[in-house]
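These notes are about the structure you will find just below.
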Amino acid sequence: MAVGCGLAVANNYYAQPLLAEMGHDFGVSDRRMGLITTASQVGYALGLLFFVPLGDLLERRSQIVSTLVAVTLALVAVAVSPSFPWMVVASLAVGVTTIAPQLLVPFAASLAPPAERGRVVGFVMSGLLVGILLARTVSGFVGDTLGWRAMYWIAAVMMVMLAFTLRGLLPRSAPPNTGISYRALLRSLAELLRDEPTLRQSCVFGGLSFASFSVFWTTLTFYLSKPPHGYSSSAIGLFGLVGVVGALAASMAGRIADRGSPRTTIGFSLLAMVLAYVLFYALGSGLMGMVLGVVLLDLGVQAAHISNQSRIFSIRPEARSRLNTVYMVAYFIGGALGSLAGAYAWSIAGWPGVCVVGATMPAMGLLLFWATSPRPVLVEEGMAEAAQGPP
């Protein structure tokens, strides 16, 4: 499941180190090329909203294999793109169909014993996060040697192989809900968001953290490909290897969640993201400053993400796919807005503008974290006694 998550989710991230090369081919500005990553993230949110909830209704192995077949066709559409508008639509289709990872994560949670659920989810998420990060390294190398289109042909072949592999290895699952209609399933998403404050908080924390993440990775190619850096696509992709350090935090965050303190982890993670952008602003002209910032940013984003998921999976076991849907839709809406905001900030204020926008998002998350922190009961009781006066 961890390997499957990593290979599948990578489809949404191959484009990022290749944006400058794609823009050159299509004759499109850096600002407009930000629409490629935005389209894939919007598509992912749509796929999560309309198809992932079916994991609470359908047999999961068959659904996972079907989505892998669909994403293969979308990847081929990207590989043969004759124009920029076609590329945007095909990227949207890739996002809509790259939902297998978000079916695998709740599937893993349902198979795990309750006492080990955080560790198991963290392990599977580690595979997903490594896939996100190494996608940039692989696509940068392939783009430099074979061209950006070759990356999507290779990805399509890998999805066919993955579909056959998972069909043979995954167990069949009994749907957790029967007798509920698809319409009622979708309607219940709004009810979950209305009734579960923990879910609402996680949606905001996750959306802001992934927005900050997308601000950086969408604009990094533009920043490093220009003077004084002038890096190639493969060199830019190597920054994904640095981010793997952050992916290692997923398992650690999962273990912390099993001990009952995922919210604390989220607070420290948001702070780490703010500090990452301080490093990007102050030391971003040097290689060491960029490397340290990438480690902090990815560490913060991944630890917050797995902690958010550990919190929501503990709410309603029979609705894990739908809880994950609500959370991940918010997560990727945040990512899409972050990509747009990053590209806009780059176009009007360069790297300093990117750093300000990227830091503002986790800072807003920290304000919400403080505002929603539980008030100490003992302090409240002491204030009430003081107000009543001496006995």
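With positions in the sequence shown counted from 1, the corresponding number in the working numbering is that position plus 11.
The beta carbon of each residue, even a glycine, is placed where N, CA and C say it ideally should be.
Under the three-pair Cβ rule at 8 Å, the segment 72-88 counts as touching the segment 98-110. DSSP places glutamate 202 within a helical segment (H, G or I) once states are collapsed to three. Serine 225 places its beta carbon less than 9 Å from that of glycine 345. In the three-state scheme derived from DSSP, where H, G and I count as helix and E and B as strand, glycine 297 is classed as coil.
Around the beta carbon of aspartate 41, 16 or more other beta carbons lie within 10 angstroms, which makes this residue buried.
Histidine 316 carries a helical assignment under DSSP once its states are collapsed to helix, strand and coil. The criterion of a C-beta distance shorter than 9 Å is satisfied by isoleucine 323 and asparagine 335. Thr383 is the residue among Thr383, Arg72, Pro96 whose C-alpha sits nearest the C-alpha of proline 208. Glycine 158 is positioned such that its CB atom lies no closer than 9 Å to that of glutamate 70. A distance below 7 Å between beta-carbons, with the five flanking residues on each side excluded, links alanine 174 to the following residues of its chain, in chain order: Val76, Leu79, Val80. Around the Cβ of arginine 333, a 10 Å sphere holds 16 or more other Cβ atoms; the residue is buried. The beta carbon of phenylalanine 37 sits closer than 6 Å to the beta carbons of Phe95 from its chain, once the five residues preceding and following it are set aside; these are given in chain order.
Boundaries of the alpha helix (DSSP H) around asparagine 335: 331-382. With fewer than 16 other Cβ atoms from the protein chains shown falling within 10 Å of its own Cβ, methionine 299 counts as exposed.
A contact is defined here as three or more CB-CB pairs under 8 Å, and the segment 115-134 fails this definition with respect to the segment 48-60.
Scanning its chain for C-beta atoms nearer than 8 Å, with the 5 sequence neighbours on each side dropped, one finds around leucine 65 the residues Gln74, Tyr193, Leu196, Ser332, in chain order.
For phenylalanine 62, the three-state secondary structure derived from DSSP is coil. A direct Cα-Cα distance of roughly 15 Å separates tyrosine 342 from leucine 200. In the three-state reduction of the DSSP assignment, arginine 327 falls in the coil class, being assigned neither a helical nor a strand state. With contacts defined as CB atoms closer than 9 Å, tyrosine 163 and valine 89 qualify as a contacting pair. Annotation for leucine 286: Leu307 place their beta carbon closer than 7 Å to its own, counting only its chain and skipping 5 residues before and after.
Residues Ser220, Phe224 of the same chain have their beta carbon placed closer than 6 Å to that of valine 312, with the five preceding and five following residues left out of the count. Judged by DSSP in its simplified three-state form, isoleucine 110 adopts coil rather than helix or strand.
Of Ser121, Val20, Ala26, Thr276, the smallest CA-CA separation from serine 184 is found for Ser121. By the Cβ neighbour-count rule, valine 91 is exposed, with fewer than 16 other Cβ atoms within 10 Å of its own. The beta-carbon separation of isoleucine 326 and leucine 210, rounded to 7 Å, stays under the 8 Å limit for a contact.
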